[in-house]
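Going by the working numbering, 55 is the number at position 55 of the sequence shown; the sequence numbering is gapless. A virtual CB, placed ideally from N, CA and C, is assigned to each residue, including glycine.
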Amino acid sequence: MKRLVIDTDTASDDAVALVMAFRLPECRVEAITTVAGNVSLDLATRNALYTAMLCDTGVPVYRGQRAPLLRPHRDATDVHGADGMGNINLPLPDRQPESQHAVDALLTRFLAEPSELTLVTLGPLTNIALAVLREPHFAAAVRHCYIMGGAANTLGNVTPSAEYNIWCDPEAAQIVFGSGMAMTLVPFETCLGDALLDAAETDALAAVGTPWAQFCVAINRFLVDATAPFLEVPGLNLPDPLTVAVALDDTLVKRSGRFFVDVETEGRLTSGETVVDRYGVLGKPPTMTVVLEADGAAFKRMLHRAVQISP
């Protein structure tokens, strides 16, 4: 069983990822840390708490950073809805977050059990960068970090060359990418193609009929409509759930490589671009594994299993 700590800016696809992690028996979520990104920190925290309540888990939720390291916070409510959950007016969760700050919680947990906990990041890397800066041993204490972020083939979803999580706080991403942590990057484009749910597949997921299945579809109807104008094939794109799936089962990775990866922080047109040195032209040693293609059918089977009565 994998023991996970998940850092998230909880909006609609993040919540589906949390449902998978909470409900699949092959992992145990030990903590959730929240960060400003898709929505404000307060909304990200509320949405994480609601999803935990829906899945009947008491996993602790810790509030992190309200803004990127050096930039103003710019959310993605145009894609996820004003509340991050598709504007379906969910009730308030029945509990509050922990009093400890997310960065302190990350340091406490990983340093107490070096190489035992897997980190999954679903939002901007602000909390993780601060943990790296505060504690030199933090990066080495992480067993492995799976990062939803970037666009290895420069198919950006917020600019022509940048994916939102990296674009929102590129300085944080640059710090984490250069930390020496064991990392796997799951870029945005891997959730397209056969990993994307078309209308019939989305309806079939809802038709499972459980509260978790209906929740996962309802909160993402807004996202499907919002992303339809720029996706070549419209549908339900789920980069965060795919990242959790890869973290739990590396056989979902059909094609990957070890590359040097950096982040552009100053480009007029390319700020936030994830620069993946596929051909090694920079002559620098690889810093992480980059997923280039994932098994979409296997991912969908895992998602369906997570929302059944008994996964």
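Below 8 Å on the Cβ atoms is my guess for residue i versus residue j; work out the distance and round it to an integer in Å.
{"i": "Pro114", "j": "Ala141", "result": "4 Å"}
{"i": "Glu30", "j": "Val59", "result": "7 Å"}
{"i": "Thr184", "j": "Val246", "result": "7 Å"}
{"i": "Pro239", "j": "Asp13", "result": "6 Å"}
{"i": "Val276", "j": "Phe259", "result": "5 Å"}
{"i": "Ala172", "j": "Leu125", "result": "4 Å"}
{"i": "Arg143", "j": "Glu116", "result": "6 Å"}
{"i": "Leu53", "j": "Asp94", "result": "What sits at residue 53 in the sequence shown is Met, not Leu. Correct: roughly 6 Å between the Cβ atoms."}
I'd like to check one pair, residue j with residue i: are the Cβ atoms closer than 8 Å?
{"i": "Gly149", "j": "Asn127", "result": "no"}
{"i": "Leu24", "j": "Ala204", "result": "no"}
{"i": "Thr202", "j": "Val79", "result": "no"}
{"i": "Leu196", "j": "Met20", "result": "no"}
{"i": "Ala102", "j": "Arg66", "result": "no"}
{"i": "Arg3", "j": "Arg28", "result": "yes"}
{"i": "Leu69", "j": "Ala129", "result": "yes"}
{"i": "Thr77", "j": "Gly86", "result": "no"}
{"i": "Thr287", "j": "Val253", "result": "no"}
{"i": "Ala218", "j": "Ile88", "result": "yes"}
{"i": "Asn220", "j": "Val16", "result": "yes"}
{"i": "Thr265", "j": "Pro170", "result": "yes"}
Going by Cα to Cα distance, which pick from the options is closest to residue i?
{"i": "Arg255", "options": "Ala294, Met288, Phe222", "result": "Ala294"}
{"i": "Pro97", "options": "Asp42, Ala21, Leu269", "result": "Asp42"}
{"i": "Thr121", "options": "Thr8, Gln308, Pro285, Ala245", "result": "Thr8"}
{"i": "Pro91", "options": "Leu69, Thr51, Val103, Gln65", "result": "Thr51"}
{"i": "Glu189", "options": "Tyr62, Gly156, Ser12", "result": "Gly156"}
{"i": "Val291", "options": "Val244, Thr10, Pro285, Thr108", "result": "Val244"}
{"i": "Ile309", "options": "Thr210, Ser12, Leu192, Met288", "result": "Thr210"}
{"i": "Tyr62", "options": "Thr108, Ala112, Asn220", "result": "Thr108"}
{"i": "Val176", "options": "Arg221, Pro136, Ser40", "result": "Pro136"}
{"i": "Gly123", "options": "Ala44, Glu232, Leu54, Leu248", "result": "Ala44"}
{"i": "Thr159", "options": "Leu106, Trp167, Asn153", "result": "Trp167"}
{"i": "Gly178", "options": "Thr274, Arg301, Met53", "result": "Thr274"}
{"i": "Pro72", "options": "Thr154, Arg258, Ser40", "result": "Ser40"}
{"i": "Ala151", "options": "Ala11, Thr270, Ser99, Ala15", "result": "Thr270"}
{"i": "Leu236", "options": "Asp194, Arg134, Gly267", "result": "Asp194"}
{"i": "Leu192", "options": "Leu111, Glu232, Cys216, Leu223", "result": "Glu232"}
{"i": "Leu223", "options": "Phe22, Gly81, Asn38, Leu18", "result": "Gly81"}
{"i": "Gly296", "options": "Pro241, Gly257, Lys284", "result": "Pro241"}
{"i": "Val208", "options": "Leu18, Met1, Pro311", "result": "Pro311"}
Have a look at residue i and residue j and give me their C-alpha separation to the nearest angstrom.
{"i": "Ala206", "j": "Asp198", "result": "12 Å"}
{"i": "Ala162", "j": "Pro187", "result": "10 Å"}
{"i": "Trp212", "j": "Asp56", "result": "11 Å"}
{"i": "Gly272", "j": "Ile32", "result": "25 Å"}
{"i": "Met181", "j": "Asp250", "result": "18 Å"}
{"i": "Asp225", "j": "Pro234", "result": "8 Å"}
{"i": "Ala48", "j": "Gln214", "result": "17 Å"}
{"i": "Ile147", "j": "Tyr279", "result": "22 Å"}
{"i": "Ala112", "j": "Ala200", "result": "46 Å"}
{"i": "Leu248", "j": "Ser99", "result": "29 Å"}
{"i": "Gly283", "j": "Gly267", "result": "22 Å"}
{"i": "Asn38", "j": "Thr10", "result": "7 Å"}
{"i": "Gln174", "j": "Phe138", "result": "16 Å"}
{"i": "Gly64", "j": "Thr34", "result": "5 Å"}
{"i": "Gly257", "j": "Cys216", "result": "31 Å"}
{"i": "Phe22", "j": "Pro285", "result": "36 Å"}
{"i": "Arg301", "j": "Cys145", "result": "23 Å"}
{"i": "Arg134", "j": "Leu106", "result": "11 Å"}
{"i": "Phe110", "j": "Val281", "result": "35 Å"}
{"i": "Leu18", "j": "Met1", "result": "16 Å"}
Report whether the distance from the Cβ of residue i to the nearest heavy atom of the ligand MG is below 7 Å.
{"i": "Ala195", "result": "As presented, the structure is devoid of all ligands, the ligand MG included, so that no description of it is given."}
- Item | Completely contained alpha helix (DSSP H) runs for the segment 217–283, where each covers 4 or more residues | 221–227, 239–248
- In chain order, which alpha helix (DSSP H) runs of at least 4 residues are fully inside the segment 175–222? 199–206, 211–218
- Task: Report the residue ranges of all alpha helix (DSSP H) runs contained in full by the segment 31–82; include only those spanning at least 4 residues, in chain order.
- Result: Segments of the alpha helix (DSSP H) lying fully in the segment 31–82: 41–54, 77–80.
- Item | Sequence ranges, beta strand (DSSP E) only - wholly within the segment 132–163, length at least 3 | Unbroken beta strand (DSSP E) stretches of 3 residues or longer found wholly inside the segment 132–163: 144–148, given in chain order.
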